[in-house]
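The structure appears below as structure tokens.
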Amino acid sequence: MTTFKLPLSVLVVIHTPALEVLLIRRADHAEFWQSVTGSVDETDTDLRHTAAREVQEETGLAVEPSVLLDWGITNVYEIYPAWRHRYAPGVTRNTEHLFSLCLPQPVPVRLSPLEHTAWQWLDWRAAADSCYSPSNAEAILQLPMRYQSRINRV
């Protein structure tokens, strides 16, 4: 029996207070730099849990779901044709929920070699310019406003 991915995912922008952003390069498409992203699976209790699981799977960083900031933003986009075989027949769109994780400083990460081959910390502008995904680039461009807004509330 084939298990298809659900067309529901998370995007987690990992950054520092200085707005340095972690990007990881996909193993299956070397030109794709991105933030942590991944689909909901049957073991996830909620989207924050999905986000924390994906952060650990893709970077080796174990974080409590409660430290992730839910932006309350969703993007609906067309699934790239190269990846549609992972979804049930006829599924062409995905709904992505945005989160961020602020770390005190850039840290080395441990990649899953089947998924990613390199990582880098970049200034937020350079990170946005390096992202293949338009929704990922847009999230990074929103980071200064969202981070400053959070500081002002604390």
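Heads up: the sequence shown runs through residues 866 to 1019, numbered per the numbering used here.
Glycine residues also receive a C-beta, built at the ideal position from the N, C-alpha and C atoms.
With respect to the 8 Å criterion, leucine 966 and valine 928 are classified as neighbours on the basis of their beta carbons. Distances from the alpha-carbon of tryptophan 986 to those of Leu871, Glu885 and Asp893 put Glu885 closest.
Comparing alpha-carbon positions, the option among Pro872, His894, Glu980 and Val901 lying closest to alanine 992 turns out to be Val901. Measuring C-alpha to C-alpha distances from aspartate 906 to each of Trp989, Ala917, Ala1002 and Gly925 identifies Ala917 as the nearest.
For the pair glutamate 980 and alanine 883, the CB atoms are not nearer than the 8 Å cut-off. For aspartate 994, the enclosing alpha helix (DSSP H) covers residues 989-995. With contacts defined as CB atoms closer than 8 Å, lysine 870 and tyrosine 952 qualify as a contacting pair. Secondary structure remark: continuous alpha helix (DSSP H) runs of at least 4 residues inside the segment 935-1011, in chain order: 989-995. For proline 954, same chain residues with a beta-carbon under 8 Å away, outside a window of 5 residues either side, do not exist. Residue environment analysis places alanine 1004 among the buried positions, since at least 16 neighbouring C-beta atoms fall within 10 angstroms of its C-beta. Secondary structure of leucine 933 (DSSP, three-state): coil. Exposed is the label assigned to aspartate 911, since fewer than 16 other Cβ atoms lie within 10 Å of its Cβ. DSSP places threonine 924 in the uninterrupted alpha helix (DSSP H) bounded by 912-924.
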